[in-house]
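Visitor: My questions will all concern the structure given below.
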Amino acid sequence: RAPRPVYVLITDGKVQIKEASHIWGKDTVRTEESIRKENGDDDLKIAAIGPAGERLSRISAIINDGGRAAARSGLGAVMGWKNLKALACKGNGRPELFDKKRVDELVKGLMEDMRQRPTHMYQVLSAFGTPGAVVPHLSTHDTPIKNWAGNNIEDFPQEKWPKVGWEGMEKYVQKKYACTGCPIACGGWVKVEGRYRVEKGHKPEYETLAAFGPMCLVDDMEALIYANELCNLYGFDTISAGATIAFAMECYEKGILSKSETDGIELTWGNADAMIKVLEKMGRREGIGDLLADGAKFAAERIGRGAEDCAMHVGGELVPMHDPRFAPGWGATYVSDPTPARHTRGGTQFLEVGALDPAVLSLWGLEEVPAKLDKYNPEGKGRIHALMVARQYLVETSGTCLFAADGLRFPFIEFLRAVTGFDVDPKELLKTGRRIATLLHAFNLREGFRPSNFRLPPRVAGNPPLRVGALKDITIDPEYLKRQYYEAMGFDYETGEIRKEVLKELGLEGLVG
Ligand code: SF4
Numbered sequence: 181r182a183p184r185p186v187y188v189l190i191t192d193g194k195v196q197i198k199e200a201s202h203i204w205g206k207d208t209v210r211t212e213e214s215i216r217k218e219n220g221d222d223d224l225k226i227a228a229i230g231p232a233g234e235r236l237s238r239i240s241a242i243i244n245d246g247g248r249a250a251a252r253s254g255l256g257a258v259m260g261w262k263n264l265k266a267l268a269c270k271g272n273g274r275p276e277l278f279d280k281k282r283v284d285e286l287v288k289g290l291m292e293d294m295r296q297r298p299t300h301m302y303q304v305l306s307a308f309g310t311p312g313a314v315v316p317h318l319s320t321h322d323t324p325i326k327n328w329a330g331n332n333i334e335d336f337p338q339e340k341w342p343k344v345g346w347e348g349m350e351k352y353v354q355k356k357y358a359c360t361g362c363p364i365a366c367g368g369w370v371k372v373e374g375r376y377r378v379e380k381g382h383k384p385e386y387e388t389l390a391a392f393g394p395m396c397l398v399d400d401m402e403a404l405i406y407a408n409e410l411c412n413l414y415g416f417d418t419i420s421a422g423a424t425i426a427f428a429m430e431c432y433e434k435g436i437l438s439k440s441e442t443d444g445i446e447l448t449w450g451n452a453d454a455m456i457k458v459l460e461k462m463g464r465r466e467g468i469g470d471l472l473a474d475g476a477k478f479a480a481e482r483i484g485r486g487a488e489d490c491a492m493h494v495g496g497e498l499v500p501m502h503d504p505r506f507a508p509g510w511g512a513t514y515v516s517d518p519t520p521a522r523h524t525r526g527g528t529q530f531l532e533v534g535a536l537d538p539a540v541l542s543l544w545g546l547e548e549v550p551a552k553l554d555k556y557n558p559e560g561k562g563r564i565h566a567l568m569v570a571r572q573y574l575v576e577t578s579g580t581c582l583f584a585a586d587g588l589r590f591p592f593i594e595f596l597r598a599v600t601g602f603d604v605d606p607k608e609l610l611k612t613g614r615r616i617a618t619l620l621h622a623f624n625l626r627e628g629f630r631p632s633n634f635r636l637p638p639r640v641a642g643n644p645p646l647r648v649g650a651l652k653d654i655t656i657d658p659e660y661l662k663r664q665y666y667e668a669m670g671f672d673y674e675t676g677e678i679r680k681e682v683l684k685e686l687g688l689e690g691l692v693g
């Protein structure tokens, strides 16, 4: 831990630790501007924390490019605790490719494939980005509503859906953008004039729109864009921030939080102004904002009076915006992954809704995995869940975008061979993915976590079930699939202990246990 605020500057392999007291307290965009200016280099790439991370919020994020976030699990607070304001990097070298000619061929083939036979996911993402998923997800009820207790007929009816999706956002979009070299280009810049003014902000993603929109019953797109911008500037995880405000709205409705405890704010459902005021207070850790700045779990513990029943978290992590009652694989992933409540981890969920092109599965040597699973029958899914988890860990640890891996017919293994020269086969790679999952699980065991620490809130599992809407009367049991998944991975369901023969098979016996 640095004795006072610093940032780390890495240029062409040279590492410098630089004074950051003068930028401590600045938002993420102003931080980036200051660091570029004082180093006279507009091309520096910067990952920074905002005031939320500095104030050790457990829902704070690390933000790069003013609005792309390493958002979940409170990573911003880790940097804040270390007094590390930012990492700034620049390099003039280029990564070496083992077989450049083959890489070029693969890129050409991939682009040709998307031109001739674009997948549905590619078409949606490249035209609209993730906001294009809002209306479809609301119509199937994959999107939670009113802190997971509402439905898509009475509480957030059909006429509101386009207001919080691409249809309501399109007029604010100025320009599309892509991460370096990406053909999908799902990002975009937005501009809003008027009360919720945003001069140049990032287009909010699906998760953000859902967390501040249907979860809080807010259908004002300008407020949603503004909330997204505030999260980027303060450095908050938008899922956790939106879901925590939904939690507070429910507490207010039930009289668990009084008006004096909300600093006089009428924190009623759908009140966009109140939502924004509370979010700003969270960024400053002021009054009600201080109470909520660590997320719903910690707020509920401080409030008491039954507030815990309104806190929709797994192990402290707010549940993301995909409903296990719609695709039960989400539930098993939320409670079995070492970083709980993650929508970017693998599992059977995409197969339950038929969202993966079968060609993507065969590119991974996963022909045995059916492209469409029976949603509500968990029987025999444990091994498939484990395979999908392993595959996704490989994608993520390689630095490949999940949208590219799932939305293009992306020949991952071919690319890996051409880039690295490793002569890998699918079986070996999936074993590597399993090893990654097992190591993370072992880390949690060492730190004292047990499987029972990660449980889905009863309401999120449909207990009690919704009375109307697309998920009417549905209750799921995520523990059933978790048990099967643990069996497939060689983990004990009660203690989490890893079987000795599994450690041996994965070559981890010297490291764990
Ligand atoms: S790499 Fe992924 S996040 Fe970036 S523009 Fe492409 S699809 Fe979007």
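Be aware that the sequence shown starts at 181, since it is given in our numbering, and climbs by one per residue.
Don't be surprised by glycine CBs; every beta carbon is placed ideally from N, CA and C.
Could you check if Tyr556 is buried or exposed, using at least 16 other CB atoms within 10 Å of its CB as the buried criterion?
Guide: Along the sequence shown, one-based indexing puts residue 556 at 376. Answer is exposed; the Cβ neighbour count stays below 16.
Visitor: Secondary structure at Leu413, three-state DSSP: helix, strand or coil?
Guide: Along the sequence shown, one-based indexing puts residue 413 at 233. Three-state result, Leu413: helix.
Visitor: Using 7 angstroms as the cut-off, classify the Cβ of Phe590 as near or not near the heavy atoms of the ligand SF4, replying yes or no.
Guide: What you label residue 590 is simply residue 410 of the sequence shown in a count that begins at 1. No.
Visitor: Are Ser201 and Arg184 closer than 8 angstroms when you measure CB to CB?
Guide: Translated into positions along the sequence shown, residue 201 becomes position 21. Translated into positions along the sequence shown, residue 184 becomes position 4. Against a cut-off of 8 angstroms, the Cβ pair of Arg184 and Ser201 comes out as a contact.
Visitor: Which residues end up in the neighbourhood of the ligand SF4 when you take C-beta atoms closer than 5 angstroms to any of its heavy atoms?
Guide: Those residues whose C-beta sits under 5 angstroms from the nearest heavy atom of the ligand SF4 are, from N- to C-terminal order along the chain, Ala358, Cys359, Cys362, Ile364, Cys366, Cys581, Phe583.
Visitor: To the nearest angstrom, how far is the alpha carbon of Ile769 from that of Ile468?
Guide: Absent from the structure is residue 769, since the part of the chain shown begins at 181 and ends at 693.
Visitor: Looking at the secondary structure, which residues open and close the beta strand (DSSP E) in which Trp328 lies?
Guide: Here residue 328 refers to the residue found at position 148 of the sequence shown. Premise fails: Trp328 is in no beta strand (DSSP E) and is neither H nor E.
Visitor: According to the neighbour-count rule (16 or more other Cβ atoms, all chains shown, within 10 Å of its Cβ), is Phe623 buried or exposed?
Guide: Sequence index remark: in the sequence shown, residue 623 carries index 443 (1-based). Per the 10 Å Cβ criterion, exposed.
Visitor: Applying the criterion that 16 or more other CB atoms from any shown protein chain within 10 Å of the CB defines a buried residue, is Phe590 buried or exposed?
Guide: Counting from one through the sequence shown, the residue named residue 590 turns up at place 410. So Phe590 counts as buried.
Visitor: Where do the N-terminal and C-terminal ends of the alpha helix (DSSP H) with Cys431 fall, by residue?
Guide: Stepping through the sequence shown from its first residue, residue 431 is reached at position 251. Note, Cys431: alpha helix (DSSP H), 418-433.
Visitor: Give me the residue from Ala570, Gly463, Ala521 with the minimum Cα distance to Thr208.
Guide: Here residue 208 refers to the residue found at position 28 of the sequence shown. Comparing Cα positions, the closest option is Gly463.
Visitor: For Asp474, I'd like the list of residues in its chain whose CB is within less than 7 angstroms of its CB, leaving aside the five on either flank, ordered along the chain.
Guide: Reading the sequence shown from its first residue, position 294 is the one you call residue 474. Counting only Cβ-Cβ distances below 7 angstroms, and skipping sequence neighbours, we find Ser237, Arg238, Ile239.
Visitor: Confirm, please, whether the CB-CB distance from Gly367 to Lys351 is below 8 angstroms.
Guide: Here residue 351 corresponds to residue number 171 of the sequence shown, with the count starting at 1. Here residue 367 corresponds to residue number 187 of the sequence shown, with the count starting at 1. No. Outside cutoff.
Visitor: Asn332 lies in the alpha helix (DSSP H); which residues open and close that run?
Guide: Along the sequence shown, read from residue 1 onward, the residue named residue 332 stands at position 152. Segment: none, Asn332 is in no alpha helix (DSSP H) and carries neither H nor E.
Visitor: Give the secondary structure of Trp510 by DSSP, where H, G and I count as helix, E and B as strand, and everything else as coil.
Guide: Here residue 510 is taken as the residue at index 330 of the sequence shown, counted from 1. If DSSP states are grouped into helix, strand and coil, Trp510 belongs with the helices.
Visitor: May I ask which residues mark the beginning and end of the beta strand (DSSP E) holding Thr191?
Guide: For this step, residue 191 is matched to residue 11 along the sequence shown. 186-191 is the span of the beta strand (DSSP E), which, as asked, contains Thr191.
Visitor: In terms of residues, what are the limits of the beta strand (DSSP E) holding Val353?
Guide: On the sequence shown, position 173 is the one that residue 353 refers to. Going by DSSP, Val353 is part of the beta strand (DSSP E) stretching over 353-357.
Visitor: Less than 7 angstroms between C-beta atoms, sequence neighbours within five positions excluded: which residues of the same chain meet that for Glu667?
Guide: Against the sequence shown, residue 667 aligns to sequence position 487. These residues qualify, in order along the chain: Gly562.
Visitor: Please list the segments of the beta strand (DSSP E) lying wholly inside the segment 183-250, counting only runs of 3 or more residues, in order along the chain.
Guide: 186-191, 194-199, 225-228, 242-244, 248-250, all fully within the segment 183-250.
Visitor: Only counting the same chain, and skipping five residues up and downstream in sequence, which positions put a Cβ closer than 7 angstroms to that of Ile197?
Guide: Along the sequence shown, one-based indexing puts residue 197 at 17. So the list reads Val186, Val188, once near-sequence residues are dropped.
Visitor: Give the straight-line distance between the Cα atoms of Phe278 and Phe530, rounded to the nearest whole angstrom.
Guide: In the sequence shown, the residue the question calls residue 278 occupies position 98. In the sequence shown, the residue the question calls residue 530 occupies position 350. Looking at the two C-alpha atoms, the distance is approximately 33 angstroms.
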